Amino acid sequence: MAPVAKCNIETLEGDSLSCSIRDHITHSLGKPCSEAGHRDVAMALSMTLRDRLVDRMLETRMRYREARAKRMYYLSIEYLLGRCLGNNLFNMKIDDVCRSLVKDWGFDLEEIREFERDPSLGNGGLGRLAACFLDSLATLDMPGCGYGIHYEFGLFKQSIENDRQVERPDYWMAEGMPLQLERRDQAVIIPIYGRVEDHQGPDGKYLPLWVDWQDLMGVPYDIPIVGFGDKTVNYLRLFAAQSTDNFNMEIFDQGDYIKAIRQKVYSELISKILYPSESISFGKELRLIQEYFLVFCAIRDITRRFLKQNRNIEELPEFTAIQLNDTHPALAVAELMRLLVDERRVPWDRAWNLTNRTLSFTNHTLMPESLEMWPVDLMQKVLPRHLQIIYEINRRFLDEIRIVSNPDDATLRRMSLIEESGGKQVRMANLAVVGSHSVNGVSKLHSELVKKVLFPDYAALWPGKFNNKTNGITPRRWLYKANRGLSALITEAIGDGWIMDLDQLKKLEPLAGDAAFQEKFMAVKRANKERLAAFVAKTSGVVLPPHAAFDIQAKRIHEYKRQLLNVMHIIHDYLRLVEDGYEPPEPRVYIFAGKAAPGYFEAKEIIHLICCVAKVINADKQAAEYLKVVFAADYRVSLAEKLIPAADISEQISTAGTEASGTGNMKFSLNGALTIGTLDGANIEIREAVGEENFYLFGLTAQEVERQLAAGLYDPWEYYGKHPEIRRVLDALSAGRFTPEDPSAFHWIFEKLLSRNERYLHLADFMPYLETHQRVGMEYSRPEVWAQKAICNTARMGYFSSDRTVREYARDIWGIKPVPPK
Ligand code: 26Y
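Going by our numbering, the sequence shown opens with residue 730, and the numbers climb by one from there.
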């Protein structure tokens, strides 16, 4: 950096930014400006933004206070924020100023941005949805903030070694996290373990005392969340676990120094690591404590803020809404009851009414193995008072429904908060439903299935409690920031109103058939593909022809998402190419990305298969002109931002009835990719919005899948016998066609796909999938047809803005309103 560089932008903005950055390089990083490198500029720029964001955050807080506004608090064990620097620059509208400022110093803003590590404090869809909601809340000037856990290690980093996934720890703060504010003064003390003693209060009433508990400390870190236009800055408050001095004192007094320190280390384990799975419930004590830790810290913080404003606790639901992001924070039901009944001495019935009106619950998954249940014994040990409260909620609830609807024993057993068969367990989903005034699913189909499959008894009892809120995505990150070329083209055509009001994309529709616009649209796509191809060449050495159709499946690896179906199709095309001499109408590039939970054997094997198939195909000269396959390692928000704008085809091929919504499907379509997909999750609504002629549909419906599974009708051998295409692919797998050195490596897939209880019906959907892909190929080879469809996708995706979703939650569930600056 030049010693006395001057900003060439003659604005106060440029001058003050430049002064502040230089000041941070000198005083926060302790370096002369002349020695600053990319990393230093990145850090100093982030610190400069933080200073400004904090000013706006304080202003926002005053504004909410003065308006006596109702607040919404989003409780989520995961947040998948993605990089913050670039997003903040865009939302604060100082991206251009900063770009030319650092350019004058000899730096490139894009390179500076690449220095930031993704804070990957989530597994996938659920955590990313939380991040999109925070962006929309701030953009809409709504009083809504997030609460979560400040994991020291985020989701593992994935690399591919010897064609297999290797996991490494993600110490995301290695370079520091200049954006966050530590708030030690607001630390929370959390009781845990111990036992409950029965006493009588001075009023003669039952007074339980939770005694002999140990304590932990939760230290909050605030990350400012700036809305587009830089007016409102909300916060995401993440708690890190620390030990208190008390925790150790007793043991210290007994003279066991080492044991005391060991306990200290144990308590800090609580926020050490994010559990890396989104499917199999963990049943581990540490995870239960994480959930409790989040809930306790959040509820304490929320009620403290509320009471500080001299309010009566009886008014809590008038001023506070708490949204439970899946069941992970469902202990909030018991904790809020405990706080009201034990600490504030609110009578039980009153406390129950307040709790119920304050809490609401979103379900994100139908997979039975994801439903959380905690063994009663474990809860008795870790949270004895909460367990007692859960039993009391259950006793009163079952008494009540006996009177209201006189259910039979089987119904009562299903509705109970306690699973009695096997070892007793607490059913967290039932706790969340009973304790909330609203239960929602995340797409039309999913919300129907939540009522029919997951909670039929509750839906019959409380039909008004169940509702749908179809997911959305923030257009700021997923179009404005991720796809600069397309957003410039759109703004040139229809102005920039779409950034805040995505429905305005409709104005593009008349241009869908316009040859000049089509050409520009496809030129942007081409440039994005070239950029991605350069990245892939650099990171994995595979050269991708940018004129090929880029077909992408990027999401967690899971059997229900059916990456296997995609691979089977690729194998089919490859064999036709090299064995039958078939020439497809267009060359294809297949890109996969996604992480497998470390303990999920099948998912890890699917990655292995993709890599082996890619290796054989990419090395085959006969296929070179038509086919390339890539597994892009370490899928995360920043990689998604590179992949999605470059896609022509988006693979959304889960078995109907398994994907709650999907949000990647929305990102691809918004960026002008055409979906090949099943009637599952939000695909159904996307297809309705973009038009059936602009969506490649195939496969069984959720009802058909359900019928086949329920009646045991599915017979994969029948498909194997009937279709030579299926036989060819499965036989190739079983014969080790892609693993010559280990021919039986994928025999398990052959067996699995042909097993009668294969739950995801791969073979039933294979032939329709193949045929639909053939149509995709034909249409891709007609550029004007394709361009028109792609433009229609972008133009008709306005509904899927998370601004719309958040407005619906605000109106129907939270009862919060925008509080814009005057
Ligand atoms: C209990 C534990 C095993 C668990 C951990 C994480 C259970 C579930 C999860 C996460 C689930 C998840 O990410 N669900 C996804 O939520 C998205 C946002 O609503 C949906 O779009 C997506 O279809 C769904 O799979």
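Think of the CB as a built atom: it goes at the ideal place given N, C-alpha and C, for glycine as much as any other residue. Just so it is clear, the structure is predicted and the values come from calculations on it, not from any experiment.
Assuming residue i contacts residue j under a Cβ cut-off of 8 Å, what Cβ separation, rounded to an integer in Å, is found between them?
i     : j     : result
L1116 : Q1109 : 5 Å
L804  : N1054 : 6 Å
V1458 : M1229 : Actually they are not in contact, since the Cβ atoms of V1458 and M1229 sit about 48 Å apart, beyond 8 Å.
F862  : S1531 : 6 Å
A970  : F1022 : 6 Å
L998  : T1392 : In fact, because the Cβ distance is near 31 Å, the residues do not count as touching under 8 Å.
S1145 : L1127 : 6 Å
I1455 : L1174 : Rounded, the Cβ-Cβ distance is 28 Å, inconsistent with contact.
Quick check on DSSP: helix, strand or coil for residue i?
i     : result
W1543 : helix
R797  : coil
S1313 : Note that residue 1313 corresponds to Pro in the displayed sequence, not to Ser. DSSP places P1313 in coil when its eight states are reduced to three.
W1191 : coil
C748  : helix
L1100 : coil
C874  : strand
R781  : helix
H1287 : coil
A1439 : helix
Q1038 : coil
Q983  : coil
Y802  : strand
F1250 : helix
P1162 : Looking at the sequence provided, one finds Val at residue 1162 rather than Pro. Reduced to three states, the DSSP call for V1162 is helix.
V1024 : helix
N1197 : strand
L972  : First, the amino acid is wrong: residue 972 is Ser here, not Leu. Here S972 sits in strand by DSSP.
F882  : strand
D1566 : What is shown of the chain runs 730 to 1551, which leaves residue 1566 out entirely.
D1280 : strand
Give me the Cα-Cα distance between residue i and residue j, rounded to the nearest whole angstrom.
i     : j     : result
A916  : R790  : 19 Å
F1360 : C813  : 26 Å
R792  : F1048 : 15 Å
A1245 : V1253 : 13 Å
R1436 : N1423 : 29 Å
L1088 : I1051 : 5 Å
S1398 : A1241 : 15 Å
C1521 : S865  : 24 Å
A1188 : N1196 : 10 Å
I1147 : L809  : 32 Å
H1301 : F1495 : 11 Å
R1125 : I1118 : 11 Å
V770  : E904  : 13 Å
Y995  : L967  : 19 Å
L1490 : P1445 : 8 Å
V1105 : F1025 : 19 Å
H1502 : Q1381 : 13 Å
A1283 : D1409 : 17 Å
E739  : A867  : With a pLDDT of only 44 at E739, under the threshold of 50, the placement of this residue in the model should not be trusted; the figure read from the coordinates follows. Their Cα atoms are separated by approximately 30 Å.
M1157 : L1178 : 18 Å
K1001 : G854  : 22 Å
L965  : Q929  : 41 Å
Y1538 : T1091 : 11 Å
Among the residues of its own chain, which have a CB less than 7 Å from the CB of residue i, if the five just before and after it don't count?
i     : result
V1070 : W1077 and A1080
A1418 : R1525, M1526 and Y1528
P672  : Past the edges of the chain, shown from 730 to 1551, lies residue 672, and the structure says nothing about it.
S1367 : G811, R812 and D847
L1107 : E1014 and L1017
A1027 : Y802, L804 and Y876
L1237 : I1219, A1222, I1223, I1520, T1523 and A1524
G1068 : One detail in the question is off: residue 1068 reads as Leu in this sequence, not Gly. The answer, listed in chain order, is I1028 and T1032.
Beta-carbon within less than 8 Å of residue i's beta-carbon, same chain only, minus the 5 sequence neighbours each way: which residues are those?
i     : result
V1182 : L1095
I1339 : Q1292, V1296, F1321, V1358 and F1360
R893  : K1333, I1336, H1337 and C1340
With a CB to CB cut of under 6 Å and the five nearest residues on each side skipped, what residues in its chain are close to residue i?
i     : result
H1057 : I806 and E1020
A1519 : G1401
K1396 : I1202, W1207 and I1373
G873  : M801 and L866
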